[in-house]
Amino acid sequence: MRKSLLVVATAFTSSVVMAQNVTLTGKVKNTASNENVPAVSVTVKGGAQGAYTDDNGNFRITVNKLPVTLIVSSVGFDSREITVSTSGASVDVQLSPASTLGQEVIVSATRSPERILESPVTVEKMNSLTLRNVPAPSYYEAIGNLKGVDMHTASLTFRTITTRGFVASGNTRFNQLIDGMDNQAPGLNFSVGSVIGPSELDVDNIEMLAGASSALYGSGGMNGTLLINTKNPFKYQGFSFQVKQGIMNIQNPEQKPSPYFDWSARYGKAFNEKLAFKFSGQFIKATDWAAYDYDNVLRNSVFSRVTKGGRSSDPNYDGVNVYGDETSQSFAAVSAATEAGIRQGVLGATGGLLDPNNLAQAFITTFPTATPAQLAAFLGNPMIPVALRPTLQQYIPLYLANRNGAVANVNVSRTGYKERDLVDYNTINFKGTAGLFYKITPSIEASFNTYLGTGTTVYTGADRYSLKNLVMAQHKLEVRARNWFVRGYTTQENAGDSYNATVLGRIMNERFKPSQTWYPTYAVAYAGNRFAGNSDLGSHIAARSLADAGMPMPGTQAFNDLKNAVAAAPIGSNPQVNGARFLDQSDLWAAEGQLNVSNLGGFSNMVEVIAGAQWKQYVLNSQGTLFADTAGKLKPAEVGGYIQLKKRLFNDLLTLTAAGRYDKHTNFEGRFTPRVTAVVRVAKDNNIRLSYQTAYRFPTNQDQYINLNVGSGLLIGALPSFQTFYNLNSNPGYSSESVAAARAANNPALLQAYTFKAMKPETVTSYEVGYKGLLGKRLYFDAYAYYSQYQNFLGRVAVVQSLTGTPAGALNPSAASSRNLSYIQNTDQEVKALGWGVQADFNLYRNITLYTNVFSDELRDVPANTATAFNAPRYRTNIGLRSDNVFRGIGFNVVWKWQDEVFYEGTFVTGTLPSFSTLDAQVSYRIPNTKSVLRIGGTNIGNEYYRSGYGSPYVGGLYYASFGYNIF
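Written as structure tokens, this is what we have:
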């Protein structure tokens, strides 16, 4: 009896297990092309089970019982529901291509999934289908085609994106997150997604929030947040590669035509619906765009503007992309000091018996017309020691020049080197990612991911920086479920052999010939040439030639040796020992968690509640070359939390959300940032959105702790301790505008001391109204208008401090008499920004889409002499036409872009950049039944060189062809 019961129980248990473990397999194909479709989602309707098709379109899914309804969906296709009653046959599914207009699902707007049409704020998305067909050599460059987006190009691989103004290299008012991680370099303070981010084949989708977003994403989201999400190997499996070759620098006045290489590969694999891994890599090599603006710069501390003149016409020439010529001294002061130095030498050599001033007066009395021949005869007097005659032959013309008006009240700069001779244009960039994923349960997934980037590129800040052998790594451990996630990650930064090009040029000059020698040589030579009857300008040219004698020239071994020695030595105060290299090895440690409280509590039908918390710990380590950290590492920290409530009313006619976030920084008081939004459905797929948003940003690590000599002056932190360190409390700095007036009038009474104020976080309050709709399933329309008010606006101010003990020292720009300092300060008055944008995408025929957008931003009520770096052209537009498959696997995408002229303002140079337009295009061909695609294309195919910022390079056309395998 027991045996019978055991047999029955065993049979029953086996049947239950079998009933609970039915494995279904199948294949998904494209009805239009009959090709297999990879990365298709296959889920159980009403259940937790799910799977994806592999690179051959095959899927395998385990379900609890039959019959079951499978939901089969993918971007660019109509979804289907398939009911399966038996487990024997293959489940083959045909998906029909469909328009994606307005159908994208986003997460960024409220941190929960929703249709883009129902977003309460302005948001843009590039899905995998869009990314496969961008008319650009990289996905990052293609982000610039989106509505409201501006892009600054500092080099081929260093691009900075922003929205709603503040277009600059390394914008700190815009967050950039990669798989939820802050992609900002901890020490350098700029997002490095274009340099260190994921490889092109591993990017799944991109979402971009325009405008204030701190309520959900924390400090820095003043003007927007970009979220780049990579591919999960459970969904994207198989081996993919792409080889892209091109040519650039055509008709470039500073570069020869050069090749462009971009190779990438990815592999993902899943095992038994439990374990998966991926790795990917990308290698880029090219000769970078060159910066060759040789216009003259008029410097006044960090506020500089373009002025007339060149090296042959202006003794104080300071080229935009010429480095080393920032060293400048008052010629009158140098000439007088040189005269005094020679006189003291003669008096010392003769025991005070021979005063050269008396000899000079005697010469003038004897020879009122004063010629070189007469001077030679005068010095032939036997009473004058022979050994002193050469010195006196230099001294007397100098004495005369200082008294007859020959020496004008002008400044003289050192001779600099062009950027092309100092900066490494050999661009190399490697990006690699690797990840291990494990499903603890069907709905809980753990993962560990590593992101590594290294290479050589160029960055534009207050100077040009050659980022050579830069290395940055991010490592993340995450556990994610449907209703919660926790993650911890670290960012490890190593500046490698990076150096400041301006500092490099200046110290090369000092090592070749110290300014204490170069300037007296110049002054004596100038006076001698004027005494010989040469013109003022001719005498300056001759004096420079003599002072520069022996200067190492580009292309020589002496130049290379000097450059390499200075570039390898760390930044410091002694030019004979220190150099231009900065030793930044800063880190970031962070943790974050989020919980969908309402789903877990079972009351989402009443109100949706999401809550989360974040923590960040910076470890700044530049060994005194970038920060004031000679005494040890600096460790500022941030902590914050947020909560959001979302409620649908009146049968979803009205959706309200309210969010609030509180953050605290080590050096600043806590900030609370609320957000309230409303979405009103006026018709199916047509919504009006309203939002009140606030955002803030704590001053960056560089704003707080920087201590860097950039040639034209010192960039210092704005914490009170720096005022004490530089003795600004008792020896004040004078405002840059008052220094300019005092120098022009040679009147120290015009100097006005600048009053330092303790720094506060900057905040913005933004109001926005928008409309987003889908008309007739063919026209997608989006429009917005916003108005923002900035409080405690953070801008850079410049002061000049006298080093002579009297205010008059500030009138002399020489390093011995004064120094320029610049630091961040809050403005007292409210600064306002306003703008608008319109987008329209129209499906013309089948899958041919016309897309266009136009947008505008404007900043108002900016206090005088405050550098905002807003730099947004008044109007910009993009107009394009695209099709993924217009005829038998042939696709295309072409876009014309135009932007208005802009008054570009920054600490590098300030001036007006002209308007420009570019045309980007790409044609693709998918080879049938091979999973392969061929592309040819180009950006700026008209090859009209343009700049997106002063100091940055001229960007020309890049033309490429590529072959890709298994690109999905």
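By the numbering used here, the letter at position 502 of the sequence shown is numbered 752, and the numbering carries on one by one without gaps. C-beta atoms are modelled at their ideal positions from N, C-alpha and C, and glycine is treated no differently.
Inter-residue Cα distance where the pair is residue i and residue j
| i | j | result |
| --- | --- | --- |
| Tyr385 | Leu379 | Looking at the sequence provided, one finds Pro at residue 385 rather than Tyr. Straight-line Cα distance between these residues: approximately 13 Å. |
| Gly1207 | Glu1018 | 37 Å |
| Thr263 | Thr293 | Confidence in Thr263 is poor, its pLDDT being 37 and thus under 50, which makes the residue's placement too unreliable to answer from. |
| Tyr1195 | Ile500 | 10 Å |
| Gln1075 | Gln954 | 11 Å |
| Lys506 | Lys726 | 42 Å |
| Ala990 | Leu1109 | 26 Å |
| Pro1203 | Arg516 | 32 Å |
| Leu438 | Gly569 | 25 Å |
| Leu978 | Tyr1004 | 10 Å |
| Lys397 | Tyr1034 | 10 Å |
| Tyr645 | Pro606 | 8 Å |
| Asn377 | Ile393 | 12 Å |
| Thr275 | Ile356 | 30 Å |
| Ser209 | Tyr302 | Nothing about residue 209 can be reported from this structure: the residues present for the chain run from 251 to 1218 only. |
| Val1081 | Phe1043 | 7 Å |
| Asn997 | Pro1057 | 10 Å |
| Asn810 | Gly655 | 42 Å |
| Gly1201 | Ile860 | 45 Å |
| Asn957 | Trp768 | 27 Å |
| Gly470 | Asp1150 | 27 Å |
| Val399 | Glu1155 | 19 Å |
Segment limits, alpha helix (DSSP H) that includes residue i
| i | result |
| --- | --- |
| Ala751 | Ala751 to Phe762 |
| Pro640 | Arg639 to Ala651 |
| Ser789 | Asp786 to Ala797 |
Delimiting residues of the beta strand (DSSP E) encompassing residue i
| i | result |
| --- | --- |
| Val1205 | Segment: none, Val1205 is in no beta strand (DSSP E) and carries neither H nor E. |
| Gly1085 | Val1081 to Tyr1095 |
| Leu1071 | Ser1068 to Asn1076 |
| Thr1039 | The sequence given here has Gln at residue 1039, not Thr. Taken as a continuous stretch (DSSP letters only), the beta strand (DSSP E) holding Gln1039 covers Leu1029 to Gln1041. |
| Pro924 | Phe918 to Ala933 |
| Pro509 | Ser508 to Phe521 |
| Lys397 | Element bounds for Lys397: n/a, residue is neither H nor E. |
| Gln1149 | Ile1140 to Gln1149 |
| Glu987 | First-last for Glu987: Ser986 to Ala995, but that is the alpha helix (DSSP H), not the beta strand (DSSP E). |
Cβ distance (whole Å) where residue i is taken to contact residue j below 8 Å
| i | j | result |
| --- | --- | --- |
| Arg925 | Tyr942 | 7 Å |
| Ala405 | Thr752 | The question names Ala, but residue 405 is Ser in the sequence shown. No, Ser405 and Thr752 are not in contact; Cβ-Cβ is about 16 Å, not under 8 Å. |
| Tyr1191 | Leu1184 | First, the residue type needs correcting, since residue 1191 is Ile and not Tyr in the sequence shown. Not really, about 18 Å apart at Cβ, beyond 8 Å. |
| Ser1212 | Val493 | 6 Å |
| Thr1189 | Glu391 | 7 Å |
| Thr1157 | Arg1069 | Not a contact, Cβ separation roughly 16 Å. |
| Val774 | Leu638 | That pair is no contact at about 15 Å. |
| Arg555 | Thr950 | Contact flag wrong, Cβ pair sits at about 25 Å. |
| Arg1197 | Leu1163 | 6 Å |
Check whether residue i and residue j have beta carbons under 9 Å apart
| i | j | result |
| --- | --- | --- |
| Tyr1219 | Ser490 | The chain is shown from 251 up to 1218; residue 1219 falls before or after that span and cannot be answered. |
| Ile478 | Val453 | yes |
| Val1145 | Asn1128 | yes |
| Ser1016 | Gly518 | no |
| Val278 | Gln344 | yes |
| Asp429 | Asn699 | yes |
| Glu728 | Ala696 | yes |
| Ala863 | Tyr739 | no |
| Phe687 | Ala815 | no |
| Ser464 | Met458 | no |
| Gly560 | Ser449 | no |
Residue i: CB within 8 Å of a non-hydrogen atom of the ligand GDP
| i | result |
| --- | --- |
| Arg737 | With respect to the ligand GDP, the structure shown offers nothing to examine, as it has no ligands at all. |
CB contact check: residue i to chain B, cutoff 9 Å
| i | result |
| --- | --- |
| Lys813 | The structure shown contains no chain B; it holds only a single protein chain. |
Does the segment 689–707 come close enough to the segment 298–315 that 3 or more CB-CB pairs lie under 8 Å?
The segment 298–315, when compared against the segment 689–707, does touch it at the 8 Å Cβ threshold.
Taking 8 Å as the cut-off, does the segment 771–780 touch the segment 710–727 (at least 3 CB pairs, one atom from each stretch)?
Contact between the segment 710–727 and the segment 771–780 is absent: fewer than three C-beta pairs spanning the two stretches fall below 8 Å.
Cβ contact check for the segment 753–764 and the segment 817–830: 3 or more pairs under 8 Å
Yes: the two stretches touch, three or more of their Cβ pairs being nearer than 8 Å.
Contact between the segment 582–591 and the segment 727–744 (3+ Cβ pairs under 8 Å)
Fewer than three beta-carbon pairs drawn from the segment 582–591 and the segment 727–744 are found closer than 8 Å, and the two stretches are therefore not classed as touching.
Segment contact flag, the segment 851–869 with the segment 878–897, C-beta cutoff 8 Å, min 3 pairs
Short answer: they touch.
Does the structure place the segment 346–365 close enough to the segment 400–418 that three or more beta carbon pairs sit under 8 Å?
Between the segment 400–418 and the segment 346–365, the count of C-beta pairs closer than 8 Å stays below three; the two stretches do not touch.
Quick check: the segment 360–376 against the segment 1163–1174, are there 3 or more CB pairs under 8 Å?
In short, these stretches do not touch, since the Cβ pair count stays below three.
Measuring CB atoms only, is the segment 410–426 touching the segment 334–343, in the sense that at least three cross pairs come out at less than 8 Å?
Contact between the segment 410–426 and the segment 334–343 is absent, because fewer than three Cβ pairs lie under 8 Å.
Would the segment 847–862 and the segment 784–801 be scored as touching if the rule is three or more Cβ pairs under 8 Å?
In this structure the segment 847–862 does not lie against the segment 784–801, because fewer than three pairs of beta carbons, one per stretch, are closer than 8 Å.
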